[in-house]
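Just so we're on the same page, my numbering is the position in the sequence shown counted from 1, plus 59. Just so you know, even glycine gets a beta-carbon here, dropped at the ideal spot from N, CA and C. Given the structure is predicted, the values throughout are model-derived calculations rather than measurements. A quick write-up on the structure given underneath.
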Amino acid sequence: MAATALCVEPADPFVALRVLNTMRDAGFIVRVDGDALQVAPVDRLSPQQKAFIARHKPALVALLVDADILYAALGIAGATGLRWRQGTPDDWTDDRLLAAGEVLYGDARMVSELGIRYRKPGYPTPRKPAPDEDEIS
């Protein structure tokens, strides 16, 4: 009997985006540093919220890393900006690029004019998390 090929579907980046937006709407700041997910203010998180975040940590980290990759590409492009799929890895799906862009739109780091994406003028360089921001494991 022939073995069935294993097809692995990539994670839906929009699930992580909805989780991120829910957390932002609740007043939390969510950042990534390497593979560490940092949430502030951590003292406002209930045990249930911590467990929820921990379950979604890999997808959240991946989404935020993707957003940082796109943000760096926008910085390299400068005033030229980026058209759709420019400056991002070839293996990214359209959904992955769209979700990363939504993160940048959501925190006002990117604008789009006539189909070209730019770093939002005047946006400060991303900072390291403050000492009161804790890693969620």
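Test item: CB-CB of residue i and residue j under 8 Å
| i | j | result |
| --- | --- | --- |
| residue 146 | residue 136 | yes |
| residue 149 | residue 72 | no |
| residue 75 | residue 122 | yes |
| residue 144 | residue 156 | yes |
Presumed contact (8 Å Cβ cut-off) between residue i and residue j, rounded CB distance
| i | j | result |
| --- | --- | --- |
| residue 119 | residue 162 | Contact doesn't hold; Cβ gap of about 10 Å is too wide. |
| residue 134 | residue 178 | 6 Å |
| residue 124 | residue 91 | 6 Å |
Residue i burial status per 10 Å Cβ neighbour count (16 or more: buried)
| i | result |
| --- | --- |
| residue 160 | buried |
| residue 78 | buried |
| residue 176 | buried |
| residue 131 | exposed |
| residue 68 | Low per-residue confidence applies at residue 68: pLDDT is 49, beneath 50, and the placement is therefore not dependable, though the value from the model is reported in the following sentence. Label assigned to residue 68: exposed. |
| residue 70 | exposed |
Alpha helix (DSSP H) segments (min. 4 residues) lying fully within the region 131-167: Assignment of alpha helix (DSSP H) within the region 131-167, counting only whole runs of 4 or more residues, yields 153-165 in chain order.
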